[in-house]
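Enquirer: Have a look at the structure that comes next, please.
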Amino acid sequence: MKILVLNSGSATQKTSLYEIAAAPPADPPAPLWEGLIEWDGSFADIRTSGPAGVRFKNRIQIASRRQVTEQLLSDLWTSAAPLLKGPSDIAVVGHRIVHGGQEFSEPAIVTPALKTVVQRMSVFAPLHNPAGLEGIEIIEQILDGVPQVAVFDTAFHRTLPEPAAVYPGPYEWLARGIRRYGFHGINHEYCAQRAARLLGRDLQALKLVTCHLGNGCSLAAVRGGRSVDTTMGFTPLEGLMMGTRSGSVDPGILTYLLREDRLTAGQLDDLLNKQSGLAGISGISNDMRQIVSAMNAGHPRARLAFDIFIHRLTSLIGSMVAVLGGVNALVFTAGIGENSAEVRAATCANLEFLGVRLDGSKNSQAPNDREISATDSRVRVLIVRAQEDWAIARACWTLARANAPSL
Ligand code: ADP
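Residues in the sequence shown are numbered consecutively from 9, following the working numbering.
Right, here's the structure in full:
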């Protein structure tokens, strides 16, 4: 079964093609093909690659998102080395949808009703949900009639117990949908499953803290494969310090700024989402590589940005461990989690009191799914590569098989 996965963001669209035959393999396979669109004002950069490397590259003027996506996908069937006979070779298309609200707690086949919910949830995820919906509608136009599946980033956190999910504001907030949803769920769930496999343990018996540290950063406390707490909440702004996002700050600061500086909601949004975090503190960059190299060159604000990042990470990992009542393994994932030996080393050094001990040489080796804790570490430490597209492809396969066993 050939499965196309679209991960549509406001500035990029990642696309992958997977093939799953009788059953998904236990270890993630490489995709047959990958595509990337980077939207840049009135232009788009398109790049596709296969196992042999780059297949196609182009920069085009954007007439519509549909036309750009069409050009990207046409590489699959009209290039000199087509991978597919035509669009009808694609059995199902999966989409990452950031916010499924309270209605969707599992991957689901796209229907008009589902699209309405995704649209309605756009007020809670204004950058992400409209892009996901647009991806669905473009595929409806290009691959008329192909079944589509929505996989939600909020869904894994549906199991948050009420005390973790409900904000201690007025009770009426809950009825209005103002509650903690949590995000990055597709990857947190995947990492928990992958960690169990790498450890050779039953997921049901494990207490895990998964640390998704990319441009956006969040933690999940996972007990027996279920999310019981997480650091992002109503929006992806709560919790850890991030590339350009502040993470949690005293809400009193916001009312102070509203009163004193007469900021609008849009200006506040901009401050907290785009001018804060590593970029806001360092004044250099949102990119952890640049923060670390400036810090090593003696830049005091880069040092402060790194130290706040580690302080907050330590403190929130502690909070997740307390909620779990102990921890068997810590899992580092996403851009920073997979690649920054400095961040892992500094965080784990702070957690030695829990019995966390890194193997320094394993920690500094090239990334792939592996254990990096010392043999005498009471808490195992793992790096797991984020594989959201593969996780979505697997979910599509399961749902497509259940709905149309002949596929
Ligand atoms: P996104 O959340 O947009 O998917 P990624 O998961 O790609 O982002 O993570 C981006 C972050 O990963 C950036 O802060 C980048 O600096 C960091 N990163 C990528 N490679 C490295 C590296 N080798 N060392 C440290 N940080 C890295």
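The beta-carbon is built from N, C-alpha and C at its ideal position, and this holds for glycine as well.
#1: Around the Cβ of E78, are there at least 16 other Cβ atoms within 10 angstroms (buried) or fewer (exposed)?
#2: For A191, count neighbouring Cβ atoms within 10 angstroms of its own Cβ and tell me buried if that reaches 16, exposed if not.
#3: Kindly identify the DSSP beta-bridge partner or partners of Q79.
#4: Looking only at its chain, what residues have a beta carbon closer than 8 angstroms to the beta carbon of L312, apart from the 5 residues adjacent to it on each side?
#5: What does D237 pair with, by DSSP beta-bridge criteria?
#6: Assign L168 to one of three DSSP states: helix, strand, or coil.
#7: In the DSSP assignment, find the unbroken beta strand (DSSP E) run with S16 in it and report its ends.
#8: If you pair each beta-carbon of the segment 369 to 378 with each one of the segment 398 to 410, do three or more pairs fall below 8 angstroms?
#9: How is the beta strand (DSSP E) around S24 delimited, first residue to last?
#10: Below 6 angstroms, is the gap between the Cβ of D48 and the nearest heavy atom of the ligand ADP?
#11: Can you determine whether any heavy atom of the ligand ADP sits closer than 6 angstroms to the C-beta of I427, and answer yes or no?
#12: Do D237 and A172 have their C-beta atoms within less than 7 angstroms of each other?
#13: Beta-carbon within less than 6 angstroms of C219's beta-carbon, same chain only, minus the 5 sequence neighbours each way: which residues are those?
#14: Taking DSSP as the reference, what is the three-state secondary structure of S284?
#15: Restricting to Cα atoms, I'd like to know which of T243, N137, L151 is closest to T124.
#16: Hey, quick one: how far does the beta strand (DSSP E) through E180 stretch, first residue to last?
#17: Would you list the residues whose beta-carbon is nearer than 6 angstroms to any heavy atom of the ligand ADP, in the order they occur in the chain?
#18: Are the segment 172 to 184 and the segment 88 to 106 in contact at 8 angstroms, needing three or more beta carbon pairs?
#19: Considering T322, what are the terminal residues of the alpha helix (DSSP H) in which it resides?
Expert: According to the structure data:
#1: exposed
#2: The residue you asked about is not Ala; residue 191 is Phe in the sequence shown. The residue is buried, with at least 16 neighbouring Cβ atoms inside 10 Å.
#3: In the DSSP output, where bridge partners are listed per residue, Q79 has none listed.
#4: I289, S290
#5: A229
#6: coil
#7: 10 to 16
#8: no
#9: 20 to 27
#10: no
#11: Examination of residue 427 is not possible in this model, given that the chain is present from 9 through 415 alone.
#12: yes
#13: L227, F340, G345
#14: coil
#15: N137
#16: Run containing E180: none in the beta strand (DSSP E); it sits in the alpha helix (DSSP H), 180 to 183.
#17: G222, N223, G224, G251, D295, M296, R297, A342, G343, I344, N347, S348
#18: no
#19: 308 to 332
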